[in-house]
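Novice: Please see the structure below; I have some questions.
In UniProt numbering, the protein residues as written are 1 to 84.
Rendered as structure tokens:
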């Protein structure tokens, strides 16, 4: 899919400047599934990468009561880069 970074920038030499950015988020029972969902949402709108990834765990007693297992909330910024 696309690269996902926890840093607030694309840590690759020669990466172009950010031309567009928007928030992306999801919640999932599995971090891997959450990453896939996040990447899919970003790619759907034309992103080249996701930066600033943050992962939060929601315990079963928090949030909507429909959850019986911990869930993960993933938040990041989808970015479109230009040419360097």
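Glycine included, every Cβ here is placed at the ideal spot set by N, Cα and C.
1) Tell me the rounded alpha-carbon separation between residue 36 and residue 1.
2) Please return the same chain residues whose Cβ sits closer than 6 angstroms to the Cβ of residue 49, not counting the five positions on each side in sequence.
3) Taking Cβ positions, are residue 75 and residue 23 nearer each other than 8 angstroms?
4) I'd like the list of long-range same chain contacts for residue 46, defined as Cβ closer than 7 angstroms, with 5 residues on each side in sequence excluded.
5) Closest by CA to residue 59, which one among 73, 21, 53?
6) DSSP three-state label for residue 72, please.
7) Measure the alpha-carbon distance for residue 32 versus residue 84 and round it to whole angstroms.
8) In the DSSP assignment, what residue or residues form a beta bridge with residue 23?
9) Between the alpha carbons of residue 28 and residue 82, how many angstroms are there, rounded?
Specialist: By the coordinates alone:
1) Residue mapping note: residue 36 aligns to position 36 of the chain shown, counting from 1. Residue mapping note: residue 1 aligns to position 1 of the chain shown, counting from 1. Looking at the two C-alpha atoms, the distance is approximately 8 angstroms.
2) Taking the first residue of the chain shown as 1, we reach residue 49 at position 49. So the list reads 2, 3, 10, 79, once near-sequence residues are dropped.
3) The residue labelled residue 75 in the question sits at position 75 within the chain shown. The residue labelled residue 23 in the question sits at position 23 within the chain shown. Yes.
4) As a working note, residue 46 is residue 46 in the chain shown. So the list reads 80, once near-sequence residues are dropped.
5) For the purposes of this step, residue 59 is taken as residue 59 along the chain shown, with counting starting at 1. Here the closest residue by C-alpha is 73.
6) Working through the chain shown from its first residue, we reach residue 72 at position 72. Of the three classes helix, strand and coil, the one that applies to residue 72 here is strand, per DSSP.
7) Walking along the chain shown from the start, residue 32 turns up at place 32. Walking along the chain shown from the start, residue 84 turns up at place 84. For residue 32 and residue 84, the gap between their C-alpha atoms comes out near 31 angstroms.
8) As a working mapping, residue 23 is identified with position 23 in the chain shown. Its beta-bridge partners are 77.
9) The count along the chain shown starts at 1 and reaches residue 28 at position 28. The count along the chain shown starts at 1 and reaches residue 82 at position 82. Distance between the alpha carbons of residue 28 and residue 82: 31 angstroms.
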